[in-house]
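One structure is given below, encoded as structure tokens.
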Amino acid sequence: MLACVALPAYAQAGAAAAAETRRTQKSLDEKPLTVGEINTYRALPGFAEPYRRGWALALAQINAEGGVLGRKLAVVSRDDRGQPDEAVRAAQALVARHGAVALFGSYSSEVAMALSRYALDAKVLYLAVAPLTQRLTWQEGNRYTFRLRPAAWMQAAAVAPKALGLRRLRWAVIRQDTESDRATAEAFKGLMRTFQSKTEFVAEQAVAPQTADARAAVQALAAAKPDALFTMLEGKQLAAFLRAAQTQNLFDGMAVVSLFMGDPENLAAIDTPVPDGWIITGYPRDAIDTPEHTAFVQAYRDRYGEPPGAASVLGYVALRSIAEGLRQAGTADREALVSAFPRLKVPTPFGAIEYRNLDHQSTLGTYLGYTGHGGGQLGMERFVYASGTRLQPLDEQIRRLRDTATKSPSGNRDAAAETHGPRRNGTVAESNGAAGRASESSAGANDAGGRANDAAGGANEAAHSAPASATAGHRVPAALPAKQPDTALTARLRAARPAGEDRKGDRDAALPGQGVPARPAAIEAKDGSRGPVEPHGTAAGQTAAPGPRINAVRPDVDTRTDAVPVWPDPVNPGHPPAPDLAR
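Under my numbering, the residues of the sequence shown are numbered 1168 to 1750, in order.
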């Protein structure tokens, strides 16, 4: 005869607790992994909508493939309205309220810098998708911030060899009055002056974002009589500028370098004749026939009934990158995800890319070509793909910028957040991460609905002892050799240089970014008072005279930048240049 023996109370409680733990774990395993996304949707629909569709396509594909780590992936998206404070409030809510394991997004550099600082405080991964400022990954780079799109210096380096080949000496610049455009223009000017010392920049127009009336800017450019133009305008603003320039015959006999004109979104906006032979960058979507790109375009067409734009590729690759990072980490732990990102390889429609361990910049490249009218329609012709691996300065130069930033009180505020941190699984790890409000749209298992100042890439500088990391257990090797990751860029720049140019200029070239980016244009009112200027001074031991006037389209203000000495060495003043290893 069997007797029923009651379990002691403590045993019953233990069994109940174990059952509850199993139920909780099962619930957690079934709950989607949340990724936070922040961008400027209402103010920049031309960029943001194709971009949103790109990451929404990636989300649908990822979940159709079984999700990540056995769980569905969800995206909670918020609009930052183009305001850094709004973006930070949104990020706080995404992390604290929604439990986001990572953040991605941003178009403007100003917003991206604010989110980068938040990521450092909150210790959460932030993948900046489209901003260009070099400060994001160089002077103010941190463990938690990575960038997808080619940065300002890379954008300038892509076109500089061809621009030098034009043999034009009087250049003008027209750009938006933003950190991204400012950084790119300064990088381009630095490269041109280094490899063609007689280059003059005779006019620079910094127009307000979203400004459609370009007549005043065109008049100012024409008055300076340039023989070449560098522009970064896009969309409706580019179209308005081209119309105004054509009416005043600005382009007669002028060479033009136009970043991003070859993107489908920008080509579609142009409604005025454009000459053949302008140097442009962009996305020649209909002429790329690689298997991975063809599959991406077909999937996008099947889902949305129209082809993708350049922003669609960025959105798609961004979410694919985070999903791949989670797979490599093997866990949804935020620190593990951050540690998995350096050297992470991700397949993309343009081929495989890698997030560099050195500066957290991806090797995604850009297409470089010329305007043409094949088939009777304006497009991008004679193009090549310039991989991001071919558009980088020396590793040692970037290493100095990041090492210096970690020691600066105004840089990364915590020594534990240095670029070089404790190692995990053979990759460099570092540390960071923090509550808010913003309008949001959710996309879960289903869908989302819808500087470098100057920089001579080939210039070598002598190696110096790198600082020891404050993080326990890891020291940066001393006297790292000056590594030449790719000499092709330097060779192309030198080959394009006019005959007889003095080679000393590029031998003495300083670090990309001068260690301190050029300060944004300060606003000077009629009464002589000046508006706020970012607190970036000139290089150590250098004095700078006021720079050339940068005319604002607005009649009641005057903008000007402080001149930055052409090639100082701000990290190690007085340091002699190393032999030019590229020769």
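The beta carbon of each residue, even a glycine, is placed where N, CA and C say it ideally should be.
Nearest-angstrom Cα separation, counted from residue j out to residue i
i	j	result
A1478	N1524	25 Å
A1258	T1207	13 Å
A1751	Q1528	The structure shown has nothing for residue 1751, since the chain only spans 1168 to 1750.
L1493	D1469	27 Å
Y1218	L1511	22 Å
R1567	G1221	36 Å
A1269	V1291	6 Å
M1117	V1374	Residue 1117 lies beyond the stretch modelled for the chain, which goes from 1168 to 1750, so this question has no answer here.
V1242	H1265	10 Å
V1213	Q1306	In the sequence under discussion, the amino acid at residue 1213 is Gly, which differs from the Val named in the question. G1213 and Q1306: Cα-Cα distance of roughly 31 Å.
P1251	N1309	18 Å
F1271	A1390	43 Å
A1263	F1418	53 Å
V1147	Q1495	The requested residue 1147 is not part of the displayed model; the chain covers only 1168 to 1750.
Y1311	A1286	6 Å
K1671	T1461	Note on K1671: pLDDT 47, under 50, position unreliable in the model; the coordinate value appears next. If you take the alpha carbons of K1671 and T1461, they lie about 46 Å apart.
T1457	A1215	26 Å
G1249	D1380	21 Å
G1541	E1353	33 Å
G1546	M1359	26 Å
T1556	L1531	8 Å
A1267	T1515	24 Å
R1334	T1201	52 Å
L1211	T1538	25 Å
P1509	A1254	25 Å
I1446	R1302	27 Å
D1443	L1434	13 Å
E1459	S1488	16 Å
P1560	G1543	39 Å
A1490	E1232	11 Å
F1463	L1226	13 Å
V1340	A1370	6 Å
N1416	R1664	29 Å
P1474	E1432	11 Å
G1203	Q1564	33 Å
Where the beta strand (DSSP E) through residue i begins and ends
i	result
T1448	I1446 to G1449
E1491	E1491 -> not in any beta strand (DSSP E); alpha helix (DSSP H) instead, spanning A1477 to A1496.
M1788	No answer is possible for residue 1788: the residues shown for the chain start at 1168 and end at 1750.
G1402	Not the beta strand (DSSP E): G1402 falls in the alpha helix (DSSP H), residues G1402 to T1414.
A1339	R1337 to Q1343
A1553	G1546 to A1553
Supposed close pair residue i, residue j - CB separation, criterion 8 Å
i	j	result
T1304	D1526	5 Å
Y1471	Y1534	Going by Cβ atoms, the distance from Y1471 to Y1534 rounds to 22 Å, so no, they are not a contact pair.
D1430	G1497	About 37 Å; that fails the 8 Å criterion.
F1368	W1338	5 Å
K1356	L1336	That belief does not hold up - the Cβ atoms of K1356 and L1336 are roughly 13 Å apart, past 8 Å.
A1406	L1224	With a Cβ gap of about 28 Å, A1406 and L1224 do not count as contacting.
L1409	T1378	The Cβ separation is near 14 Å, so there is no contact.
P1143	Q1343	No information on residue 1143 is available, as it lies outside the stretch 1168 to 1750 that the chain covers here.
A1387	Q1372	6 Å
A1411	V1385	4 Å
A1245	L1261	Note on residue identity: the sequence assigns Arg, not Ala, to residue 1245. Confirmed, Cβ separation roughly 7 Å.
V1513	A1519	7 Å
L1558	P1317	6 Å
I1205	L1294	Between L1294 and I1205 the Cβ distance is about 11 Å, and since that is not below 8 Å, they are no contact.
Element boundaries [alpha helix (DSSP H), containing residue i]
i	result
A1503	R1501 to A1507
T1530	Here T1530 belongs to no alpha helix (DSSP H), and DSSP marks it neither H nor E.
V1464	P1458 to Y1471
is_contact[residue i, chain B] using C-beta, thresh 7 Å
i	result
S1276	The displayed structure is made up of one protein chain only, and chain B is not part of it.
(message) Does the stretch 1422-1434 come into contact with the stretch 1319-1330, if we say contact requires no fewer than three beta-carbon pairs (one atom in each stretch) closer than 8 Å?
(response) yes
(message) Does the structure place the stretch 1391-1402 close enough to the stretch 1328-1343 that three or more beta carbon pairs sit under 8 Å?
(response) yes
(request) Please confirm if the stretch 1231-1248 is in contact with the stretch 1500-1510, defined as three or more CB-CB distances below 8 Å between the two stretches. (result) No, the stretch 1231-1248 does not touch the stretch 1500-1510.
(request) Could you name each continuous alpha helix (DSSP H) segment of 4 residues or more that falls completely within the stretch 1187-1268, going from the start of the chain to the end? (result) 1212-1231 and 1251-1263
(request) Counting only runs of 3+ residues fully inside the stretch 1264-1315, write out the beta strand (DSSP E) ranges in chain order. (result) 1269-1272, 1292-1295 and 1312-1314
(request) Can you check the stretch 1325-1399 for any beta strand (DSSP E) of at least 3 residues that lies completely inside it and give the ranges in chain order? (result) Given a length threshold of 3 residues, each whole run of the beta strand (DSSP E) inside the stretch 1325-1399 is given here in chain order: 1337-1343, 1367-1374 and 1395-1398.
(request) Please determine if the stretch 1272-1280 and the stretch 1339-1354 are in contact, where contact requires at least 3 C-beta pairs separated by less than 8 Å. (result) Touching, per the Cβ criterion.
(message) Counting beta carbon pairs with one atom in the stretch 1482-1492 and one in the stretch 1407-1426, are three or more of them shorter than 8 Å?
(response) no
(request) Check whether the stretch 1543-1558 touches the stretch 1449-1464, counting contact only when three or more Cβ pairs, one atom from each stretch, lie closer than 8 Å. (result) yes
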